[in-house]
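Undergrad: Using UniProt numbering, you'd call the opening residue of the sequence shown number 1 and step up by one each time. Glycine included, each C-beta is placed from N, C-alpha and C at the ideal position. Please read through the structure below; I'll follow up with questions.
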Amino acid sequence: MRFYAIALLYLRSAVLAQDTQVPFQADHKHSTAFTPEISKYIEEALDTYQVPGLSAAVIRKDGTVEVGAWGKSTEDGNRTTPDTLYYIASCSKAFTAAAMGILIGDFEQGRNTTALPADMTALNWNTKVKDLLPAEWALQDEWASEKASIRDIMAHVSGLGRHDLSYGPSLTSSEFVSRLRYLRPSYELREQFSYNNHMFVVAAHIISTYTGSYTRFVKERIFDPLNMTSTTFSLSEAVESGKMTQTWGHLANGRRIPHWMGDHSLDTMAGAGGIISSVIDMAKWVELLLNSGYDTHTNTTIIPKASFEQITSAQVVAFGGPVVAYCAGWIRQTFLGRDTIWHNGGIPGAHAQVAFLPGDGVGLVQLLNIDSRSEAVLDIQQRLFEKALGLEPVSEKLAGPERPPPADTDTNTATIESAPIDVHKYSGTYSHPAYGNLTFCGPHTLSDYCHKTRADFAPFPLGALPQLLATWPRFCSAHGCVVFIDKSSLSVEISTLFPKGYGADESPFTHVMDTGEAGSKFSMDGEEVTVLQLKTADG
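Below you can see the structure in the form of structure tokens.
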């Protein structure tokens, strides 16, 4: 492992990186974080939690930054560095919130380049979404359609649930927004916190509508002023730089998987989770946050003060006991007895966490090249903040990954005493105006699509129970398998299959997105099935 100390005081481009740590003056509240002891702890954490590679940064309000890198960035064993590029996933939402705040400030100061609709006089956090996107915006709940504001959608109180299976990789943001009217809400407007990606797609689409391009606006108003020169929305650009890490799937038993979010997803997913960055660049972002949106290096305000306060202030209690609040692209709670603002992010092959303690003037970034490793991130976060603050560690030991209890039975191989099920009756194409078309193949369905789908599933043991198989390109998955346990219940697995492996290992494997029981509610027209309702964990 290599760890570094970097002083980003006046020349952001003058980044120093040595093979050994360069100490800086520290008192009990300004202690060196990346000591050999902490480095060993992180190495043990990577081994315990089976994390291939991690880069991290500890940032001070005064511009002093320590960065470290552990593990590998390629299956050939190339080492991670502070310049290694990772997906930051939903940590991108904070940039979308900041961009919205900047846009609101532009309208307040008359700096906007695109006019509001004729019947609008101002843009603010209480502006109704319907007024900004009159041709595209509508929700199934008429009251929510009329009253939902920018504040509501960015605090996740629109009432809409996750609906993660409702979108594929190739929708435009306009198509995405126009389909929201077909999604069933989980709650009424402002009734309860309900996290989803959809409303940050809406927010980014608003920014695009009134600036010309969301990604260009974020680059010109945030990335460029902060000299975040490696940060991008484009996977092809990141790969071409030679700095982009390869990615692995914890939900694929640690196998290497492809980069999940390509340039074709940018128009839709950029605002919800599309940024690629390094800890060197993210340190500049966190320093800005520690200074409430003010860039001390250039003496300029990047995020207007009122907007910064808005996006970091609690808007809704997300969870109670202890209280965890959601702001706008940020979560706020007490951690180690201190006020903490943070957000995490994850897509297949990546996990990220950004956190800062505004009262202590210290922040932390962790970027990982494997998904679903929140336990590792939290263990490391606690130790780094303890060290940075000069606190005694609460525990010297790693908590270790949570392991689910072994299943009592395997329902896919159990003997079911029931009448035979004619799965062919349930095969065919089902359509939904938001979820699109889903075509299920029975064991003998004849079509090129079904032949290809069965070939994808062929290397994997499927058991003896009746099944329907599907290829269904979604953002986080590509395949689906429905197993008929009996006539009244189904088991559903949503996954991405790699029948020929990936990378150096050509043996087949699966990256599982979601499993859950599915209610078998069929609508029949005589002997013909006309509706199949599948309910997975995302609702």
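Near alanine 138, what residues of its chain come up, given a Cβ to Cβ distance below 6 Å and the 5 sequence neighbours on each side ignored?
TA: The answer, listed in chain order, is Ser145, Arg181.
Undergrad: Tyrosine 87 bridges to which residues according to DSSP?
TA: Tyrosine 87 is bridged to Ile276.
Undergrad: Quick check on the burial criterion: 16 or more other C-beta atoms within 10 angstroms. Buried or exposed for valine 394?
TA: Burial call: exposed.
Undergrad: Can you give the beta carbon distance from tryptophan 330 to alanine 94, rounded, assuming they're within the 8 Å contact cut?
TA: Yes, tryptophan 330 and alanine 94 are in contact; Cβ-Cβ is about 6 Å, under 8 Å.
Undergrad: With aspartate 456 as the anchor, note down where its alpha helix (DSSP H) starts and where it stops.
TA: Where aspartate 456 is concerned, the enclosing alpha helix (DSSP H) stretches over 448 to 457.
Undergrad: Is tyrosine 10 buried or exposed, if buried means 16 or more other CB atoms sit within 10 Å of its CB?
TA: Confidence at tyrosine 10 is low in this model, with a pLDDT of 26, below 50, so the placement of that residue is unreliable and no value is reported for it.
Undergrad: From the DSSP output, which residues share a beta bridge with glutamine 467?
TA: Beta-bridge pairing links glutamine 467 to Val483.
Undergrad: Which ranges does the beta strand (DSSP E) cover as unbroken runs of at least 3 residues, wholly within the region 335 to 363, from first to last along the chain?
TA: Here the runs fully enclosed are 338 to 347, 350 to 357.
Undergrad: Can phenylalanine 509 and glycine 501 be called in contact, C-beta distance under 8 Å?
TA: Their beta carbons are under 8 Å apart, which means phenylalanine 509 touches glycine 501 by this criterion.
Undergrad: In angstroms with no decimal places, state the Cα-to-Cα distance between serine 374 and histidine 351.
TA: Roughly 8 Å separates the two Cα atoms.
Undergrad: Can you tell me whether methionine 282 is buried or exposed, with buried defined as 16 or more other CB within 10 angstroms of its CB?
TA: Per the 10 Å Cβ criterion, buried.
Undergrad: Can you tell me where the beta strand (DSSP E) with residue 545 in it begins and where it stops?
TA: Because residue 545 is not part of the residues shown, which for the chain are 1 to 539, the question remains open.
Undergrad: For proline 185, name the three-state secondary structure that DSSP assigns.
TA: Strand.
Undergrad: Going along the chain, which residues of its own chain have a beta-carbon closer than 7 Å to the beta-carbon of glycine 321, five neighbours each way excluded?
TA: Nothing meets the Cβ criterion.
Undergrad: Check whether the Cβ atoms of valine 362 and arginine 60 sit closer than 8 Å, and answer yes or no.
TA: Yes; because the gap between Cβ atoms is below 8 Å, this pair is in contact.
Undergrad: Considering only the beta carbon of each residue, do glycine 159 and aspartate 131 sit closer than 8 Å?
TA: Their beta carbons are not under 8 Å apart, which means glycine 159 does not touch aspartate 131 by this criterion.
Undergrad: Counting only the same chain and skipping the five closest in sequence on each side, list residues whose C-beta sits under 6 Å from that of methionine 199.
TA: Closer than 6 Å at Cβ, skipping near neighbours: Ile153, Ser158.
Undergrad: In whole angstroms, give me the CA-to-CA distance for histidine 444 and alanine 455.
TA: If I take the Cα positions, the gap works out to 13 Å.
Undergrad: How many angstroms separate the CA atom of threonine 247 from the CA atom of threonine 298?
TA: Between threonine 247 and threonine 298, the C-alpha separation is close to 36 Å.
Undergrad: Buried or exposed: where does tryptophan 285 fall if 16 or more other Cβ atoms within 10 Å of its Cβ makes it buried?
TA: Buried, since its Cβ has 16 or more Cβ neighbours within 10 Å.
Undergrad: Express the C-alpha separation of isoleucine 102 and threonine 113 in angstroms, rounding to a whole number.
TA: Straight-line Cα distance between these residues: approximately 13 Å.
Undergrad: To the nearest angstrom, how far is it from the Cα of glycine 442 to the Cα of serine 186?
TA: Each residue's alpha carbon lies about 32 Å from the other.
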